[in-house]
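Colleague: Quick one: the structure is below, and I'll ask about it shortly.
Here it is in structure tokens:
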């Protein structure tokens, strides 16, 4: 039985095509994936991401607990910073990837993937250190993402510009947007500038409508899960269950910069990662040059020998050609030609550097 | 939903048009293109390939997913719409103009749906 997010009626009103996703009924698209994708690259898009999970940590043991749980070093964070990290199993496989928000030295918010929420909460609870209180606040939290080159400009029409987070990966815990209290972070999952806004579920529809009203004339459109996936894929951002899983380590996913093995106290899975050494298997980008669209879990061949499998793939709307990410067994340099088995047909592809798309900063 | 009265339809959302000299044109319905969303790739058979009623003869891919296209008829591919290979979005823009293949050497089977029956099938007004 799928749950509705607080914005369900807004999606119906906007003409959203509803599908079940991670236990929720969410719009896969409104007008079309390509139009929504391009709107985010050129103007702005608004997403309902209320399905994401939020877990609050408090107490003198909160930082120590999160340090043990997370691969990144959270001790160097200042109040108002956001940091990306992964949680690992003892063997170095990934439990989930998360964003950690530091409210204060003894107070944090961790944002987790919807599909992993129950598993994550159980894992966190099992590894709580003394003097740490933990609460799953997901059901009391709605989340919207406003993304695109015009995002900040549009948001400034509803909230004083100086009240908004100025730097990437920072947040402001209390901003009033159109009279609604929000936590706003300069984060996102599209490869564009923009923010994520957290508010009380009851106020989410009013916030959604206010944002759309403020930006519609400048090209702001509601965007569904389809565009969310194609945007993150162009930006080569990992998705749990694809580029990350219990069978894939952070180092294999080529996310080593978010892994700090030398931090005081280490982290769960750190010893295993160190013992496994530098992995030969790793994530690469593929640009499909032949005719076809690779999806996830397609076999990849190099010189006619099995070389790994794709983890995600799609037609990239902004780039205009098909792309995929893959886990290849050996280090394969950019420029190497490989073949992807797309439903029984071999399609040529070239190994290319990641990300596929990087925005030009103004 | 546009369902021209002059065409015949399948439950798997292909349309069929009888052309002169026993040639039959096959495409995807407006309902199908709408359900698929933005179509970005089409894989067609080759001229001379046999097609069999109820069997897959092509696939179309939207941004999100791939879908098989089933032949309503048995026969031999006489022509393919090559324009779709470079402009697959034409199926979204004009589903009844964007034919996929033309098949020769067959008569229209009797079990195809007419417009009213297809309308009832997809349950739209």
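Chains as they are written, first to last, in our numbering: chain A, 1 to 362; chain B, 1001 to 1125.
Glycine is no exception: its CB is placed at the ideal position from the N, C-alpha and C atoms.
Nothing here was measured: the structure is a model prediction, and the numbers come from that model.
1. Does residue 47/A come out as helix, strand or coil in the three-state DSSP assignment?
2. Would you kindly work out how many angstroms separate the C-alpha atoms of residue 180/A and residue 173/A, rounded to a whole number?
3. Count the other C-beta atoms from every protein chain shown that fall within 10 angstroms of the C-beta of residue 304/A, then say buried if there are 16 or more, exposed otherwise.
4. Do residue 44/A and residue 147/A have their CB atoms nearer than 9 Å?
5. For residue 1125/B, count neighbouring C-beta atoms within 10 Å of its own C-beta (all shown protein chains included) and say buried if the count is 16 or more, exposed if not.
6. Does DSSP put residue 62/A in a helix, a strand or coil?
7. For residue 1108/B versus residue 1008/B, is the C-beta distance shorter than 9 Å?
8. What does a CB cutoff of less than 6 Å around residue 263/A pick up in its chain, not counting 5 residues either side in sequence?
9. Using the beta-carbon count (16 or more within 10 Å), is residue 1064/B buried or exposed?
10. Hey, how far is the Cα of residue 133/A from the Cα of residue 56/A?
11. Is the distance from the Cβ of residue 65/A to the Cβ of residue 85/A below 9 Å?
12. Please state the DSSP three-state secondary structure of residue 146/A.
13. Taking Cβ positions only, does residue 1012/B come closer than 9 Å to chain A?
14. Measuring CB to CB, does residue 398/A end up less than 9 Å from residue 348/A?
15. To the nearest angstrom, report how far apart residue 186/A and residue 201/A are at their CA atoms.
16. Per DSSP, residue 301/A is paired with what?
17. Tell me the rounded alpha-carbon separation between residue 28/A and residue 356/A.
18. Check whether the Cβ of residue 29/A lies closer than 9 Å to any Cβ atom in chain B.
19. So residue 252/A packs on residue 281/A, CB below 8 Å; how close in whole Å?
20. Between residue 1123/B and chain A, is there a C-beta pair that is closer than 9 Å?
21. With distances taken Cα to Cα, identify the nearest neighbour of residue 229/A among 315/A, 117/A and 96/A.
22. Among 1033/B, 1098/B and 1118/B, which residue has its Cα nearest to the Cα of residue 1062/B?
23. Could you confirm whether any beta carbon from chain A is found closer than 9 Å to the beta carbon of residue 1004/B?
24. Cα separation between residue 1122/B and residue 307/A?
25. Would you check if the distance between the CB atom of residue 326/A and the CB atom of residue 284/A is smaller than 9 Å?
26. When burial is assigned at 16 or more other CB atoms within 10 Å of the CB, is residue 60/A buried or exposed?
27. Determine whether the Cβ of residue 1062/B lies closer than 9 Å to any Cβ atom of chain A.
28. Whose C-beta lies closer than 7 Å to the C-beta of residue 354/A among residues of the same chain, with five residues either side of it excluded?
29. Give the residues from the segment 262 to 296 of chain A that approach chain B closer than 8 Å (Cβ to any Cβ), ordered along the chain.
30. Assign residue 48/A to buried or exposed, taking buried as 16 or more other Cβ atoms, counted over all protein chains shown, within 10 Å of its Cβ.
Modeller: Looking at the atomic coordinates:
1. strand
2. It is roughly 13 Å from the alpha-carbon of residue 180/A to the alpha-carbon of residue 173/A.
3. Under the 10 Å beta carbon count, residue 304/A is surrounded by fewer than 16 other beta carbons and is classified as exposed.
4. yes
5. Residue placement at residue 1125/B cannot be trusted, given a pLDDT of 48 that sits under 50; what the coordinates show is reported in the next sentence. Classification for residue 1125/B: exposed.
6. Look at residue 62/A here: in three-state DSSP terms it is helix.
7. yes
8. 73
9. So residue 1064/B counts as buried.
10. 8 Å
11. no
12. strand
13. no
14. No answer is possible for residue 398/A: it lies beyond the span of chain A, which begins at 1 and ends at 362.
15. 20 Å
16. 306/A and 339/A
17. 23 Å
18. yes
19. 5 Å
20. no
21. 315/A
22. 1033/B
23. no
24. Residue 1122/B and residue 307/A have their alpha carbons spaced roughly 44 Å apart.
25. yes
26. exposed
27. yes
28. 236 and 285
29. 291, 292, 293 and 295
30. buried
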